[in-house]
Amino acid sequence: MARRVSIKDVAQHAGVSWKTVSNVVNARPVVREETRARVEQAIEELGYVPNHVGRELRGGPTRTIALVVPELQNPYFARLAELMQVAARERGYTVSVEVSLGLAETERAHVRGLAPRPVDAVIISPTALAPADLLAGGGPRVVLLGERLPAAAEISHVAIDNVASAVDVVHHLVGQGRERLLFLGVDGAVRSTATDRLAGFRAALRFAGISVEPELIRTVAHWDRGAGRREMEAVLEAGLEVDAVVAGNDLLALGALAALLEHGVDVPEQVAVVGWDDIPEAAWSRPGLTTIAPELEALISAALDAALAEAGGEAAAGSETVVGHRLVERGSTVAQQLS
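Here it is, written out as structure tokens:
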């Protein structure tokens with residue numbers, strides 16, 4: 238019987254100490270990227286399996302699923318994590334919520350099975366993951382949630398229809414006679430939630446016979462309130478004429494809404510604002526925020542179905558599940574009449 242590859246074998250192969258290998262395996266951000274890449278290559282070449290994973294392979298399934306999200310400060314991800322834990326518990330599983338902070342090495346460690354805790358499957362909303370990380374193999378089953386990665390068609394994916402939801406938003410605004418629509422939230426990715434929503438935005442405007450002005454397509458580094466506020470202030474200071482703001486998520490929209498109100502702009506009379514996700518704050522802002530609400534429970538159920546079926550060998554990877562959405566109309570696009 239062949240001798241099991243040890244952490245010291247990997248260290249010798251990579252020309253580093255065993256502690257460095259341990260830091261890489263446990264996704265600790267103390268290793269230089271060049272060294273990390275060399276260690277990961279050694280792990281792949283030698284077929285090294287960390288001890289914690291090996292113990293679980295010998296002892297059977299963990300009945301644990303990792304949910305990897307970029308942050309929990311975004312109320313959407315916090316709510317997603319809460320509902321995922323409840324739904325998984327009903328199926329006899331535990332969800333380990335892991336925060337990646339958008340770090341590629343952390344996301345990579347989880348999908349390759351190199352994270353500290355062994356799991357049966359990983360449900361991940363990636364921000365920095367590369368297709369090669371998913372295709373390397375050797376890790377647990379992976380389900381992509383929301384974000385889609387090019388060249389990773391064999392990986393199961395669950396999301397709303399981002400193109401169709403953007404079309405719904407534009408139809409709602411154009412139906413009110415609005416023609417100068419600002420899109421807030423381009424992220425520069427080849428294919429992402431943002432690019433899909435922008436594609437729907439462009440297509441719907443073209444169908445309505447409205448030109449898409451380049452200066453009204455705005456790039457932001459982060460989808461948060463601060464970025465939305467700063468970019469909206471830049472638009473106002475530049476004197477660009479807009480009568481509607483379509484933001485990539487509710488946090489961007491709420492930031493833009495704050496900037497508009499601070500500059501004395503009447504919302505929705507002069508400028509309408511729409512977001513995505515229907516976070517609780519959307520209903521409590523003044524005016525309330527019109528937003529795309531995903532069928533969150535259906536999204537979670539589909540993600541668990543894919544993760545558990547694949548982890549149990551009951552289904553082939555690569556399923557594509559689209560769940561429903563609805564436009565929730567509130568005061569940021571529709572004037573609310575007092576009763």
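The sequence shown begins at 238 in our numbering and counts up one residue at a time. By construction, the Cβ of each residue, glycine as well, lies at the ideal position given by its N, Cα and C atoms.
In terms of residues, what are the limits of the beta strand (DSSP E) holding residue i?
| i | result |
| --- | --- |
| residue 422 | 418 to 423 |
| residue 472 | Looking at the DSSP string, residue 472 is not in any beta strand (DSSP E); the run it does join, the alpha helix (DSSP H), is 462 to 474. |
| residue 301 | 301 to 306 |
| residue 456 | 454 to 456 |
| residue 563 | 562 to 565 |
| residue 484 | 481 to 484 |
| residue 358 | 358 to 361 |
Using DSSP with H/G/I as helix, E/B as strand and the rest coil, what is residue i?
| i | result |
| --- | --- |
| residue 367 | coil |
| residue 250 | helix |
| residue 293 | Unreliable positioning characterises residue 293 in this predicted model, as indicated by a pLDDT of 46, which lies under 50. A coordinate reading is not provided. |
| residue 333 | strand |
| residue 539 | helix |
| residue 443 | helix |
| residue 508 | coil |
| residue 593 | Since the first residue of the chain shown is 238 and the last is 576, residue 593 is not available in this structure. |
| residue 286 | coil |
| residue 449 | coil |
| residue 400 | helix |
| residue 413 | coil |
| residue 271 | helix |
| residue 265 | coil |
| residue 523 | coil |
| residue 372 | helix |
| residue 281 | helix |
| residue 572 | coil |
| residue 534 | helix |
| residue 503 | coil |
| residue 552 | Note that residue 552 scores 49 on pLDDT, short of 50, meaning its location in the model is unreliable and no value can be drawn from it. |
| residue 386 | coil |
Considering only the alpha carbon of each residue, which of the options lies closest to residue i?
| i | options | result |
| --- | --- | --- |
| residue 404 | 434, 336 and 392 | 434 |
| residue 468 | 495, 399, 341 and 545 | 495 |
| residue 383 | 571, 560 and 570 | 560 |
| residue 331 | 298, 507, 316 and 517 | 298 |
| residue 312 | 513, 535, 569 and 448 | 513 |
| residue 300 | 571, 545 and 568 | 545 |
| residue 465 | 536, 489 and 526 | 489 |
| residue 503 | 369, 570, 274 and 520 | 570 |
| residue 303 | 326, 260 and 334 | 334 |
| residue 476 | 452, 484 and 543 | 452 |
| residue 325 | 336, 360, 309 and 340 | 360 |
| residue 536 | 371, 526, 518 and 557 | 557 |
| residue 460 | 249, 364 and 350 | 364 |
| residue 510 | 275, 377, 308 and 413 | 413 |
| residue 409 | 455, 263 and 480 | 480 |
| residue 567 | 417, 530 and 271 | 530 |
| residue 442 | 328, 327 and 416 | 416 |
| residue 522 | 543, 538, 493 and 366 | 493 |
| residue 317 | 246, 508, 516 and 500 | 516 |
| residue 263 | 244, 250 and 252 | 244 |
| residue 367 | 385, 350, 377 and 251 | 385 |
| residue 419 | 455, 276 and 257 | 455 |
| residue 582 | 255, 307 and 371 | In the structure as shown, the chain begins at 238 and stops at 576. Residue 582 is therefore absent and cannot be evaluated. |
| residue 338 | 362, 286, 327 and 323 | 362 |
| residue 310 | 259, 462 and 370 | 462 |
| residue 555 | 499, 407, 256 and 395 | 395 |
| residue 271 | 336, 342 and 285 | 342 |
| residue 411 | 430, 440 and 445 | 445 |
| residue 539 | 381, 501 and 280 | 381 |
Could you tell me how far apart the beta carbons of residue i and residue j are, in whole angstroms, since I believe they sit closer than 8 Å?
| i | j | result |
| --- | --- | --- |
| residue 533 | residue 320 | 6 Å |
| residue 482 | residue 564 | With 8 Å as the limit, residue 482 and residue 564 do not qualify as a contact, their Cβ atoms being about 15 Å apart. |
| residue 358 | residue 352 | Incorrect: roughly 12 Å between the Cβ atoms, too far for contact. |
| residue 527 | residue 487 | Rounded, the Cβ-Cβ distance is 10 Å, inconsistent with contact. |
| residue 470 | residue 572 | Not a contact, Cβ separation roughly 24 Å. |
| residue 497 | residue 518 | Actually they are not in contact, since the Cβ atoms of residue 497 and residue 518 sit about 16 Å apart, beyond 8 Å. |
| residue 379 | residue 392 | 6 Å |
| residue 349 | residue 376 | 4 Å |
| residue 242 | residue 258 | Going by Cβ atoms, the distance from residue 242 to residue 258 rounds to 11 Å, so no, they are not a contact pair. |
Tell me residue i's beta-bridge partners as DSSP assigns them.
| i | result |
| --- | --- |
| residue 513 | 529 |
| residue 394 | 381 and 557 |
| residue 408 | Beta-bridge pairing links residue 408 to no other residue. |
Starting from residue i, trace the alpha helix (DSSP H) both ways and give me its first and last residue.
| i | result |
| --- | --- |
| residue 347 | 341 to 348 |
| residue 317 | 312 to 327 |
| residue 261 | 255 to 262 |
| residue 492 | 487 to 499 |
Beta carbon of residue i: closer than 6 Å to some heavy atom of the ligand MG?
| i | result |
| --- | --- |
| residue 445 | This structure lacks the ligand MG; in fact it carries no ligand of any kind. |
Hey, does residue i have any beta-carbon neighbour from chain C nearer than 7 Å?
| i | result |
| --- | --- |
| residue 467 | As a matter of chain content, chain C is missing from the structure shown, which is built from one protein chain. |
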